[in-house]
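Visitor: 3 is the number of the first residue of the sequence shown in the working numbering; add one for each residue after it. Before I ask anything, here is the structure I am working with.
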Amino acid sequence: MEKEKTQRKAGRYAGFAALSYLIISVIAGVLSVMRVAIQGEQKAEVNGFVVFEFLLIPVLFLLAGYVCSVKGRFEKLKAARVLLAATGFSVLLLALWYLLLEAYVVLNLPAAEGSYMIDLFLRKTIIVKEYVYLYLSETNGYRYVILPLIHFVIRIIYWLLFLGGNRIYTAKQGEAKKSKRK
3 MEKEKTQRKA GRYAGFAALS YLIISVIAGV LSVMRVAIQG EQKAEVNGFV VFEFLLIPVL
63 FLLAGYVCSV KGRFEKLKAA RVLLAATGFS VLLLALWYLL LEAYVVLNLP AAEGSYMIDL
123 FLRKTIIVKE YVYLYLSETN GYRYVILPLI HFVIRIIYWL LFLGGNRIYT AKQGEAKKSK
183 RK
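See the structure below:
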């Protein structure tokens with residue numbers, strides 16, 4: 003009985019997290035379309051909208067963690083479980099980068115849009131390779147190692163922000179219980 007209750011609770015957590023990720027992905031897709039429309043035919047560059055995306059996506063994860071906790075009346079999530087789930091999700095998407103890039107692009111919209119400013123900065127970094135000056139983005143190391151790892155880390159950070167939203171909710175619940183006792 004207790005095991006079924008725990009499994010049901012874990013399923014609710016996962017369902018709310020998946021729904022949140024889906025909603026944030028749709029928002030990230032809209033932001034991507036807006037960014038392309040704003041930049042027009044220009045080369046990709048850091049502008050106010052890119053900075054806005056960089057700040058907005060993490061806030062959306064924090065807000066999603068809070069809203070999901072309120073709607074689901076969740077208890078305090080365990081950091082180790084969230085970190086394990088976030089790492090597993092990131093490993094799965096990292097494997098998709100190498101196996102099925104099209105699926106990766108669709109599933110990775112929040113991390114890609116949220117880290118686009120970092121991506122633009124690193125793309126323009128000049129390196130020397132065999133006495134030739136290259137942009138970092140022109141190397142295979144950037145495409146196959148650096149960029150996927152940036153997305154990997156960003157996804158984990160976003161899920162930890164989701165956890166932070168849950169912690170904000172549970173802290174408020176704890177304060178409310180304490181004030182009712184007095």
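Cβ atoms here follow ideal geometry from the backbone N, Cα and C, with glycine treated the same way.
Keeping to the same chain, check which residues put their C-beta closer than 6 Å to that of G90; ignore five residues upstream and five downstream.
Guide: Answer for G90: no residue qualifies.
Visitor: Grab me the residues of K126's own chain with a C-beta within less than 7 Å of its C-beta, minus the 5 sequence neighbours each way, in chain order.
Guide: So the qualifying residues of the chain are Y137.
Visitor: Secondary structure at V48, three-state DSSP: helix, strand or coil?
Guide: Coil at V48, not helix or strand.
Visitor: For E47, is the classification buried or exposed, using 16 other Cβ atoms within 10 angstroms of its Cβ as the cut-off for buried?
Guide: Per the 10 Å Cβ criterion, exposed.
Visitor: Is the stretch 57-75 touching the stretch 155-174, taking contact as three or more C-beta pairs under 8 Å?
Guide: With a cut-off of 8 Å, the stretch 155-174 and the stretch 57-75 count as touching, because enough Cβ pairs lie within range.
Visitor: Between S92 and the rest of its own chain, which residues show a CB-CB distance below 6 Å, the 5 nearest in sequence each way excluded?
Guide: So the list reads F154, R157, I158, once near-sequence residues are dropped.
Visitor: Which one of V130, I152, I170, A97 has the shortest CA to CA distance from I120?
Guide: Residue I152 is the option with its Cα nearest to I120.
Visitor: Taking A113 as the reference, give the member of I129, A12, Y23, K7 with the closest Cα.
Guide: Comparing Cα positions, the closest option is Y23.
Visitor: State yes or no: is the C-beta of F164 within less than 8 Å of the C-beta of A16?
Guide: No. Outside cutoff.
Visitor: If you draw a straight line from the alpha carbon of L149 to that of M36, how long is it in whole angstroms?
Guide: Their Cα atoms are separated by approximately 22 Å.
Visitor: I believe V52 touches L122 by the beta-carbon criterion, under 8 Å. Please report the beta-carbon distance rounded to the nearest angstrom.
Guide: Contact flag correct, Cβ pair sits at about 7 Å.
Visitor: Note the first and the last residue of the continuous beta strand (DSSP E) segment covering I2.
Guide: Nothing can be reported for residue 2, as the shown portion of the chain is limited to 3 through 184.
Visitor: Candidates Y100, S34, Q41, C70: which alpha carbon is nearest L58's?
Guide: Among Y100, S34, Q41, C70, the Cα nearest to that of L58 is on S34.
Visitor: How many angstroms separate the CA atom of G167 from the CA atom of K78?
Guide: Those two C-alpha atoms are separated by around 10 Å.
Visitor: For the alpha helix (DSSP H) holding Y135, just list the boundary residues, first then last.
Guide: First-last for Y135: 134-137, but that is the beta strand (DSSP E), not the alpha helix (DSSP H).
Visitor: Just the Cα atoms here: how many angstroms apart are E55 and L21?
Guide: Cα-Cα distance, rounded: 20 Å.
Visitor: How would you label S187, buried or exposed, when you count the other beta carbons within 10 angstroms and need 16 or more for buried?
Guide: Residue coverage of the chain in this structure runs from 3 to 184, which leaves residue 187 outside it and unanswerable.
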